[in-house]
Amino acid sequence: MYKTPLKILQLEKGDFHTLLNGTVAGHKVRIVLDTGASHTCVDRQFVNEILPDLHLEANEGVNAGIGGTGFEVLVADLPDVRIGRFHLKTFPNTAVIDFTHINNAYRKLRRKPIQLILGNDFCVNHKAVIDYDSKQFTFL
Numbered sequence: 013m014y015k016t017p018l019k020i021l022q023l024e025k026g027d028f029h030t031l032l033n034g035t036v037a038g039h040k041v042r043i044v045l046d047t048g049a050s051h052t053c054v055d056r057q058f059v060n061e062i063l064p065d066l067h068l069e070a071n072e073g074v075n076a077g078i079g080g081t082g083f084e085v086l087v088a089d090l091p092d093v094r095i096g097r098f099h100l101k102t103f104p105n106t107a108v109i110d111f112t113h114i115n116n117a118y119r120k121l122r123r124k125p126i127q128l129i130l131g132n133d134f135c136v137n138h139k140a141v142i143d144y145d146s147k148q149f150t151f152l
């Protein structure tokens with residue numbers, strides 16, 4: 013069992029994101045824990061800068077999100093992912109999407125950009141528990 017602290021970030025009055033810290037391929041990442049996201053996603057610009065040789069493939073599934081449908085989604089096996097003491101040599105089938113709209117909103121709110129959205133796929137597969145009172149994320 014793994015436990016890692018989480019941070020509740022208030023974006024605006026009544027609007028919150030749940031944040032975790034981690035690394036991908038040895039590079040620090042800010043992670044939004046998003047149980048409403050069906051799939052874990054990584055920022056395409058981060059991938060292009062940090063992992064330019066990462067093999068990307070077209071996604072064969074339906075690409076839909078809160079912002080609509082029809083946006084480009086690539087997939088990749090993300091190397092060396094760490095969240096606290098948890099380590100995956102490869103995080104398979106990670107969606108690679110453009111986070112520009114997300115990070116532009118963060119910048120307008122004077123917040124640091126994010127590089128990874130940890131989705132419900134991870135939470136279900138790792139039997140995750142989010143304890144908002146103690147600000148702990150627990151998973152297997």
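In our numbering, the protein residues as written are 13 to 152.
Yeah, the Cβ is synthetic: ideal placement off N, Cα and C, and Gly gets one too.
Given the structure is predicted, the values throughout are model-derived calculations rather than measurements.
Restricting attention to 105, 99 and 91, the CA atom closest to the CA of residue 70 is found in 105. Counting the other Cβ atoms within 10 Å of the Cβ of residue 136 gives fewer than 16, which makes it exposed.
Setting aside the 5 residues that flank it on each side, residue 118 is surrounded in the same chain by 125, each with a C-beta closer than 6 angstroms to its C-beta; the list follows chain order.
Leaving aside the five residues that flank residue 138 on each side, the residues in its chain whose CB is nearer than 6 angstroms to its CB run, in chain order, 151 and 152.
Going by DSSP, residue 92 is part of the beta strand (DSSP E) stretching over 86-95.
Fully contained in the stretch 17-82 are the following beta strand (DSSP E) runs of length 3 or more, in chain order: 19-24, 27-36, 39-45 and 53-55. Here residue 15 is near residue 149, since their CB atoms are less than 9 angstroms apart. For residue 113, the enclosing alpha helix (DSSP H) stretches over residues 112-120.
CA-CA distance, residue 93 to residue 29, rounds to 21 angstroms. Non-local beta-carbon contacts of residue 53 in its own chain, meaning distances under 6 angstroms to residues more than five positions away in sequence, involve 107, 109 and 129 in chain order.
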